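Residue numbers (this note's numbering): 4 to 431.
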């Protein structure tokens, strides 16, 4: 095998992740790239390569950048360099900070009457050569950029929340090449492709084909001495994978998931403040930001299930015994008098459970207690099975036996999510 072939194979399989290839295409690519396949393994990959897995979800919309405004800022301010057309919130914030220093504008000064410098103040600040018109032009641009920065930051947070719910912690890995091990990269690419497909459209045969390919690639990884278990745990955190991690890595993995949930919960909190939500009656009223709430609620519920599965695979059910935020109900656009009849009895009972629990963002902030015991008690009060409906458990096929949290585990949690680590330490 030529020396450059392994690197080329890694580049091709990594490109399939960025291109959002479907599972069948990834299976065909794995069949081509993975060396020393047995006839049975090759046949399994061939069958998966011909199997329809259903349509993949569209990619999260990328926020429109502020490239044009940043280009103008680069021309008007000597300290602001012209940025790329896809300038994100960080570039905009930097431009606002540097441009504000140049004209003596404090951060957040948006009032055009009181926030600007007068002639004497401009002269004292060394801006005497700058005309009033040119100063006003720069002030208005920074004010618009600051508003644009807030919009971009929100769009990026929503995109990260949707990505977390869709492909787990994949975004924390190197986008160009998630790992240097080919077998690991193949499994990461295949699992990412499977996660993007709608389970309702995949069908039983597609799910079985996906499981069989996953088992094949996991067995190949287990037999390889160079498998990158840490990278694999970000996308496929099952028991067979996480048991290969150190105790610190296990805690860090749980902390990264908790930190991702916390960011999604912040979106929920923002949308909650922009809606007149009554938790026991989840119907939208005029003026409610229904889109923002439902987007955050969908991402929260999907990511929460995966978070519970990760904790079960880690054997860290004790975390849920102390901090177990509940599911979130959607806002339905429907008349109040027909709302309960429309949602149905089972869904209404689960909405009552959500209404009877503390709000998730307050739980993750440590402001209110919501242990698994409280969730179980509220579920049973309303006739809901907390296990079957996923209020206290995930859908992990093989959960590890529950074990005590070690100091190394909590230290790993603290590296990614200090708030959760403080809660775990305080209740030890």
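Yeah, the Cβ is synthetic: ideal placement off N, Cα and C, and Gly gets one too.
Nothing here was measured: the structure is a model prediction, and the numbers come from that model.
Using the rule of at least 16 other Cβ atoms within 10 Å of the residue's Cβ for burial, across every protein chain shown, is residue i buried or exposed?
i           : result
residue 41  : exposed
residue 186 : buried
residue 208 : exposed
residue 88  : Unreliable placement is indicated for residue 88, whose pLDDT of 47 sits below 50; the coordinate value is still reported in the next sentence. Under this definition residue 88 is an exposed residue.
residue 151 : buried
residue 93  : exposed
residue 52  : buried
residue 178 : exposed
residue 184 : buried
Go to residue i, then tell me how far its alpha helix (DSSP H) extends in each direction, as first and last residue.
i           : result
residue 282 : Neither: residue 282 is in no alpha helix (DSSP H) and is coded neither H nor E.
residue 304 : 293 to 317
residue 187 : 185 to 199
residue 94  : 92 to 106
residue 26  : 26 to 36
residue 129 : Note, residue 129: premise wrong, no alpha helix (DSSP H); not H, not E.
residue 142 : 135 to 170
residue 412 : 410 to 419
residue 66  : From DSSP, residue 66 is part of no alpha helix (DSSP H); its letter is neither H nor E.
residue 17  : 8 to 21
residue 232 : 232 to 236
residue 244 : 242 to 245
residue 336 : Neither: residue 336 is in no alpha helix (DSSP H) and is coded neither H nor E.
residue 367 : 363 to 367
residue 52  : 42 to 53
Can you check which of these residues, the options, is closest to residue i by C-alpha distance?
i           : options            : result
residue 214 : 239, 233, 229, 228 : 239
residue 332 : 322, 381, 317, 296 : 296
residue 128 : 315, 103, 146      : 103
residue 56  : 193, 237, 326      : 193
residue 190 : 218, 403, 179, 79  : 218
residue 164 : 306, 386, 416      : 306
residue 316 : 149, 236, 354      : 236
residue 356 : 403, 130, 131, 389 : 389
residue 354 : 159, 334, 12       : 334
residue 262 : 421, 22, 395       : 421
residue 299 : 418, 417, 275      : 275
residue 370 : 39, 386, 393, 328  : 328
residue 138 : 80, 98, 10, 91     : 80
residue 148 : 162, 383, 69, 115  : 69
residue 123 : 115, 114, 133      : 133
residue 358 : 97, 175, 378       : 378
residue 280 : 270, 269, 320, 293 : 293
residue 364 : 176, 112, 265, 290 : 265
residue 282 : 361, 212, 320      : 361
Pull up the CB-CB distance for residue i and residue j, whole angstroms please, since I reckon it's below 8 Å.
i           : j           : result
residue 119 : residue 142 : 6 Å
residue 167 : residue 302 : 7 Å
residue 255 : residue 415 : 4 Å
residue 195 : residue 230 : That belief does not hold up - the Cβ atoms of residue 195 and residue 230 are roughly 17 Å apart, past 8 Å.
residue 322 : residue 172 : Not a contact, Cβ separation roughly 17 Å.
residue 32  : residue 16  : 6 Å
residue 232 : residue 248 : 6 Å
Opposite residue i in the DSSP bridges: which residues?
i           : result
residue 331 : Its beta-bridge partners do not exist; DSSP assigns none.
residue 326 : 373
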